[in-house]
Amino acid sequence: MFAKNYGSSTGYGGNRTYSCSSSGDVDSALGFEDFLYTDDTSGTDEDLDLFVLFGNLRGNVVGLRYYTGVVNNNEMVALQREPNNPYDKNAVKVNNVNGDQVGHIKKELAAPLAYIIDNKLARVEGIVPYGAKNTFTMPVQMSFWGKEENKQAVLDRLKMHGFKMAPPLKSSELGFGSNLFSGRAGPSYSAPGHTAVQMTTEQLKSEFDKLFEDLKEDDKTREIQGPEVIGTQLLPHQKQALAWMVLRENNKELPPFWEERNNFFYNTLTNFAEKERPENVLGGILADDMGLGKTLTTIALILANFHNGKPLPVEKIKRDQLYKEFGATSVKNEGDLPFKDLNCNLESSTSSGKNETVQSQLSSSYPKRTKAKKPKYSESSDSEESEEWLPQETRINTKKDLPTTRKRSKASCNFQEDTGFASALAAPSPTLKKKAKKKGTSSIQLAKKDDSEEGQRTTLIICPLSVLSNWIDQLEQHISPDVHLNVYVYYGPDRSKDPALLSRQDIVLTTYNILASDYGSRGDSPLHKLKWLRVVLDEGHTIRNPNALQTKAALNLEAQRRWILTGTPIQNSLKDLWSLLSFLKLKPFADREWWHRTIQRPVMMGDQGGLRRLQSLIKNITLRRTKMSKIKGKPVLELPERKVFIQHVTLTEEERQIYQAVKNEGKLAISRYFSEGTVLAHYADVLGVLLRLRQLCCHPHLCTNASSFSGTGVNNTPEELREKLVNKMKLVLSSGSDEECAVCLDSLTFPVITHCAHVFCKPCICEVIQSEQPNAKCPLCRNELRLEHLIECPPEESDFESVKKSDREWIPSSKINALMHALIELRKENPVVKCLIVSQFTTFLSLIETPLRESGFVFTRLDGSMPQKKRVEAIQCFQSSQAGSPTIMLLSLKAGGVGLNLTAASRVFLMDPAWNPAAEDQCFDRCHRLGQKQAVIITKFVVKNSVEENMLSIQNKKRKLAAGAFATKKPTASEVKQTKINEIKTLIDL
DNA sequence: ACCGCCGGGTGCC
DNA sequence: ACCGCCGGGTGCC
Numbered sequence: 001m002f003a004k005n006y007g008s009s010t011g012y013g014g015n016r017t018y019s020c021s022s023s024g025d026v027d028s029a030l031g032f033e034d035f036l037y038t039d040d041t042s043g044t045d046e047d048l049d050l051f052v053l054f055g056n057l058r059g060n061v062v063g064l065r066y067y068t069g070v071v072n073n074n075e076m077v078a079l080q081r082e083p084n085n086p087y088d089k090n091a092v093k094v095n096n097v098n099g100d101q102v103g104h105i106k107k108e109l110a111a112p113l114a115y116i117i118d119n120k121l122a123r124v125e126g127i128v129p130y131g132a133k134n135t136f137t138m139p140v141q142m143s144f145w146g147k148e149e150n151k152q153a154v155l156d157r158l159k160m161h162g163f164k165m166a167p168p169l170k171s172s173e174l175g176f177g178s179n180l181f182s183g184r185a186g187p188s189y190s191a192p193g194h195t196a197v198q199m200t201t202e203q204l205k206s207e208f209d210k211l212f213e214d215l216k217e218d219d220k221t222r223e224i225q226g227p228e229v230i231g232t233q234l235l236p237h238q239k240q241a242l243a244w245m246v247l248r249e250n251n252k253e254l255p256p257f258w259e260e261r262n263n264f265f266y267n268t269l270t271n272f273a274e275k276e277r278p279e280n281v282l283g284g285i286l287a288d289d290m291g292l293g294k295t296l297t298t299i300a301l302i303l304a305n306f307h308n309g310k311p312l313p314v315e316k317i318k319r320d321q322l323y324k325e326f327g328a329t330s331v332k333n334e335g336d337l338p339f340k341d342l343n344c345n346l347e348s349s350t351s352s353g354k355n356e357t358v359q360s361q362l363s364s365s366y367p368k369r370t371k372a373k374k375p376k377y378s379e380s381s382d383s384e385e386s387e388e389w390l391p392q393e394t395r396i397n398t399k400k401d402l403p404t405t406r407k408r409s410k411a412s413c414n415f416q417e418d419t420g421f422a423s424a425l426a427a428p429s430p431t432l433k434k435k436a437k438k439k440g441t442s443s444i445q446l447a448k449k450d451d452s453e454e455g456q457r458t459t460l461i462i463c464p465l466s467v468l469s470n471w472i473d474q475l476e477q478h479i480s481p482d483v484h485l486n487v488y489v490y491y492g493p494d495r496s497k498d499p500a501l502l503s504r505q506d507i508v509l510t511t512y513n514i515l516a517s518d519y520g521s522r523g524d525s526p527l528h529k530l531k532w533l534r535v536v537l538d539e540g541h542t543i544r545n546p547n548a549l550q551t552k553a554a555l556n557l558e559a560q561r562r563w564i565l566t567g568t569p570i571q572n573s574l575k576d577l578w579s580l581l582s583f584l585k586l587k588p589f590a591d592r593e594w595w596h597r598t599i600q601r602p603v604m605m606g607d608q609g610g611l612r613r614l615q616s617l618i619k620n621i622t623l624r625r626t627k628m629s630k631i632k633g634k635p636v637l638e639l640p641e642r643k644v645f646i647q648h649v650t651l652t653e654e655e656r657q658i659y660q661a662v663k664n665e666g667k668l669a670i671s672r673y674f675s676e677g678t679v680l681a682h683y684a685d686v687l688g689v690l691l692r693l694r695q696l697c698c699h700p701h702l703c704t705n706a707s708s709f710s711g712t713g714v715n716n717t718p719e720e721l722r723e724k725l726v727n728k729m730k731l732v733l734s735s736g737s738d739e740e741c742a743v744c745l746d747s748l749t750f751p752v753i754t755h756c757a758h759v760f761c762k763p764c765i766c767e768v769i770q771s772e773q774p775n776a777k778c779p780l781c782r783n784e785l786r787l788e789h790l791i792e793c794p795p796e797e798s799d800f801e802s803v804k805k806s807d808r809e810w811i812p813s814s815k816i817n818a819l820m821h822a823l824i825e826l827r828k829e830n831p832v833v834k835c836l837i838v839s840q841f842t843t844f845l846s847l848i849e850t851p852l853r854e855s856g857f858v859f860t861r862l863d864g865s866m867p868q869k870k871r872v873e874a875i876q877c878f879q880s881s882q883a884g885s886p887t888i889m890l891l892s893l894k895a896g897g898v899g900l901n902l903t904a905a906s907r908v909f910l911m912d913p914a915w916n917p918a919a920e921d922q923c924f925d926r927c928h929r930l931g932q933k934q935a936v937i938i939t940k941f942v943v944k945n946s947v948e949e950n951m952l953s954i955q956n957k958k959r960k961l962a963a964g965a966f967a968t969k970k971p972t973a974s975e976v977k978q979t980k981i982n983e984i985k986t987l988i989d990l
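UniProt numbering applies: residue 1 is where the first sequence begins, and numbers increase by one.
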């Protein structure tokens with residue numbers, strides 16, 4: 001895999017001050033964009049993909065005359081238990097695709113069905129072969145799906161009640177099982193004589209790879225100019241995306257799989273029909289690769305398509321108005337204003353003088369961080385994110401430079417002078433606030449009441465916290481200076497809960513955590529009271545887990561148009577798509593059963609018809625281009641080269657001794673766990689050993705907490721136990737192992753530790769305990785689990801404040817020497833080249849600061865514990881091309897999200913290998929992205945004969961796994977455990 | 001007739 | 001439901 005390609009050209013070699021021995025490899029395994037490895041454990045969800053078809057049974061639906069739901073011939077129906085039915089606790093309802101009840105299963109059959117369903121022995125699905133025109137009863141063909149091991153129990157139970165299931169047919173039922181009744185099947189079912197062709201896993205994977213490939217259709221290759229209020233010239237592929245998005249938003253077509261048939265609308269997948277025209281989603285999925293400008297395209301959309309392709313009526317500032325409103329006084333008093341004005345001026349970035357203005361305005365416009373020392377993981381629902389901003393009603397506009405921009409303002413969009421909006425918008429901010437209070441609810445647009453399209457103007461954008469500032473930056477950068485846009489950042493403890501205020505904005509920006517906590521706590525979420533013109537979910541794959549609160553919160557938003565922006569629409573399973581489709585409200589997929597029966601299961605079973613349906617669905621609603629995509633023969637993005645070198649570092653005799661001592665001790669303990677078979681029970685301890693070894697590879701001072709092995713068998717006082725568990729949790733969180741919550745499979749938010757020492761998100765594990773009532777078990781080790789035993793992470797002094805706690809005298813380390821040597825050589829070559837120095841250990845970054853200062857490097861720093869405001873400052877400072885600006889940024893591996901743009905750097909020094917290679921690649925992409933003009937050279941420092949080398953081999957395994965495992969079954973809990981155990985063995989040389 | 005047969009009332013779970 | 005089932009009316013040939 002590794003081509004030897006480490007040359008003398010990069011100039012590592014002997015040196016008086018900083019010496020290092022080195023050899024290196026080029027890391028060539030780079031291309032696995034979409035296939036992120038994720039630890040997957042079977043959580044609370046049923047393993048639907050393990051289900052097999054047990055067989056079919058015909059039964060009867062009765063009581064039709066009492067219900068309104070009607071069905072067609074061959075229509076799919078849902079069977080739903082109704083345990084609270086007063087006449088029969090075994091009752092099973094029959095619903096049509098719309099969820100309207102059609103009738104009940106006849107009671108004799110309902111009895112065994114109730115037992116089978118309640119005990120989760122099988123899922124029962126129905127199709128009504130002669131569904132139409134029945135008055136009292138109708139037949140229903142049922143198929144039973146479940147885990148192989150439950151098949152006999154199902155057969156027995158049916159037999160007990162005198163029913164005999166027909167065995168499944170060979171291949172014809174592979175699809176939806178519907179062509180069994182092909183007498184009157186709809187057109188989407190296999191043609192007579194055609195049997196479903198099953199694909200191999202390999203074929204399936206390659207089909208998946210092609211799923212989102214660029215589709216050369218008219219709709220997607222036509223370009224339109226961006227609105228003139230966008231100050232930036234859109235790239236050709238962005239113009240295409242904009243044209244496509246505008247088309248989607250004004251889409252009058254039926255949604256996919258619907259046809260009009262003699263005055264009815266007919267769904268070809270389920271055979272459901274209704275009089276009412278099914279709404280198509282006015283929106284879709286923009287799934288362009290990272291760095292292609294989804295944000296900019298979306299901003300252009302917001303301005304370009306307010307209604308029927310007409311632009312948003314925005315206020316254009318006239319010269320005299322400007323001076324009147326934003327003259328000297330408002331600038332002077334800026335600090336006191338409740339709302340501050342963001343200065344947005346696209347020319348400014350080129351002129352240094354103006355640049356400064358923009359920066360200072362920007363920083364002053366950022367919300368203040370409240371002084372309160374809220375713990376990182378405190379109870380308060382508002383503080384799930386560590387930064388606290390004051391809310392603000394922000395106007396994007398300009399105060400200067402009118403003469404140069406006025407011309408353009410004349411010619412731009414169809415702005416209607418005297419709309420109600422315009423006058424409200426024209427008021428200076430402080431006044432606006434008062435007005436808002438006075439006006440109260442008069443202008444509020446409540447979701448249910450006012451459906452008139454003209455009544456809605458606001459686009460709600462939801463993004464991860466890490467890209468919030470990116471949105472603000474891009475709004476400033478790209479919107480013409482003569483345009484006045486009301487933007488409200490709905491964030492922070494003092495955010496306004498007034499829907500009227502929100503509905504007056506052009507754009508409301510918020511985060512997933514705010515969305516979820518507003519939705520979850522009290523019923524006062526204004527986000528859920530309004531009907532938005534448009535909702536945009538940035539990094540929309542964030543809602544892929546249907547059980548996560550943020551997903552439910554997002555699905556409950558009301559909007560006329562809906563967009564999902566994501567670079568990775570499918571992260572590791574087709575299942576990831578469901579939440580996205582559900583958000584888009586495409587009938588009938590919002591209900592998981594129909595999605596599963598019509599697409600997910602057929603595809604997972606290798607059915608070609610299923611795959612075709614999936615393809616045509618995706619084609620219909622998504623646009624995706626990768627960095628490799630071409631437009632008129634030219635690559636969409638031409639990125640400079642990226643090279644990864646591995647530089648091996650040899651520890652000094654002294655360092656090696658400490659390392660060996662800790663390793664021997666740890667190895668002893670871990671091999672004991674192995675012989676006892678308790679490795680997973682001691683998972684936190686094992687991580688601790690590995691952590692210390694990784695730290696020692698970097699610097700001896702990182703490994704402060706001396707050996708913390710403790711026989712857990714000993715009886716501790718509750719206080720001691722608590723402290724131990726808290727330490728373990730801190731260990732897991734700080735180990736950089738990127739542990740995920742085994743329930744939601746996402747990174748830990750609001751972590752708690754169980755008495756069995758496993759860490760979960762608090763909401764996730766609470767839900768597990770609730771649902772498994774009285775005897776809940778740990779999802780990882782099946783130990784007893786109790787709500788009152790969960791321990792939360794206590795408030796933590798952030799690294800940021802307590803950096804200089806190490807009162808020990810500074811000493812170098814082999815790795816620091818190797819780094820400094822490289823930096824100094826590099827500076828000789830090119831004094832202005834900018835570098836990222838990346839580590840998972842922020843204390844290591846702090847230790848690196850000392851020699852950087854001594855050698856006269858100007859540097860800045862970005863890590864997760866910094867308040868948002870400081871981060872923005874650090875980024876802007878580093879990105880600046882001014883003389884004397886920092887040439888080095890100390891960066892913690894996981895700081896910032898995908899949006900982080902550090903293109904000023906063309907060199908990266910990765911100080912310690914990460915567990916997950918994808919995390920490293922994401923980090924590299926922060927400088928290797930749109931805007932990078934130079935080749936990017938990455939140096940990974942790896943200590944010879946150490947845990948770090950072993951980590952590299954694990955990384956390679958994960959890469960291969962990630963590249964090959966897509967679309968195959970997710971690993972079972974025991975497979976995950978085995979993988980972990982194997983990893984531990986590799987890492988500690990057992 | 002402690003039956004059969006007739007025909008009206010009635011109808012999910 | 002053009003069914004089944006129920007229960008009241010009825011009753012040789």
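Virtual Cβ for every residue (Gly too), placed ideally from N, Cα, C.
If you draw a straight line from the Cα of D506 to the Cα of Q474, it is about 15 Å long. Taking the C-beta atoms as reference points, V154 is found nearer than 7 Å to F144. Rounded to whole angstroms, the gap between the alpha carbons of L611 and D219 is 22 Å. By the Cβ criterion, the segment 288-305 is in contact with the segment 238-248, since at least three pairs of Cβ atoms, one from each stretch, lie closer than 8 Å.
In this structure, the CA atom of L990 is about 9 Å from the CA atom of N982. DSSP places N513 in the uninterrupted alpha helix (DSSP H) bounded by Y512 to G520.
Unbroken beta strand (DSSP E) stretches of 3 residues or longer found wholly inside the segment 584-658: 642-649, given in chain order. A buried status is given to N95, since no fewer than 16 other beta-carbon atoms sit within 10 Å of its beta-carbon. Under the three-state reduction of DSSP, E792 is assigned to strand. Note on geometry: alpha-carbon atoms of M290 and M628 lie some 12 Å from one another. In the three-state reduction of the DSSP assignment, M820 falls in the helix class, which pools H, G and I. Cβ-Cβ distances below 7 Å link F844 to C698, H699, L702 and M911 in the same chain, with the five nearest sequence neighbours on each side left out; the list follows chain order. The segment 676-683 makes contact with the segment 748-760; the number of CB pairs closer than 8 Å reaches 3 or more. A contact between stretches requires three or more CB pairs, one per stretch, nearer than 8 Å, and the segment 806-824 meets this requirement with the segment 848-863.
By the neighbour-count criterion, in which a residue is buried when 16 or more other Cβ atoms sit within 10 angstroms of its Cβ, V858 is exposed. Bounds of any beta strand (DSSP E) do not take in N308, whose DSSP letter is neither H nor E. In this chain, F844 is not harboured by any beta strand (DSSP E); it is covered by the alpha helix (DSSP H) spanning T842 to E854. Rounded to the nearest whole angstrom, the C-alpha separation of E82 and K587 is 25 Å. Contact between the segment 97-112 and the segment 46-64 is established, with three or more Cβ pairs separated by less than 8 Å. Just so you know, the alpha carbons of T137 and I299 end up roughly 55 Å apart. Exposed is the label assigned to R277, since fewer than 16 other Cβ atoms lie within 10 Å of its Cβ. Taking 7 Å as the cut-off, the beta carbon of A553 is found no closer than this to the beta carbon of L584. In this structure the segment 814-827 lies against the segment 648-666, because at least three pairs of beta carbons, one per stretch, are closer than 8 Å.
Here the C-alpha atom of W915 lies approximately 38 Å from the C-alpha atom of Q240.
Short of 7 Å from the beta carbon of G55, and not among the five residues preceding or following it, lie these beta carbons of its own chain, in chain order: F144, M165, A166, P167 and P168. Here the alpha carbons of L53 and G231 stand approximately 58 Å from one another. Counting C-beta pairs with one atom in each stretch, the segment 869-884 and the segment 597-607 have fewer than three that are closer than 8 Å, which means they do not touch.
Using a C-beta cut-off of 8 Å, the segment 863-870 makes no contact with the segment 916-930, since fewer than three inter-stretch Cβ pairs fall below that distance. In the three-state DSSP reduction, F924 falls in the helix class (H, G or I).
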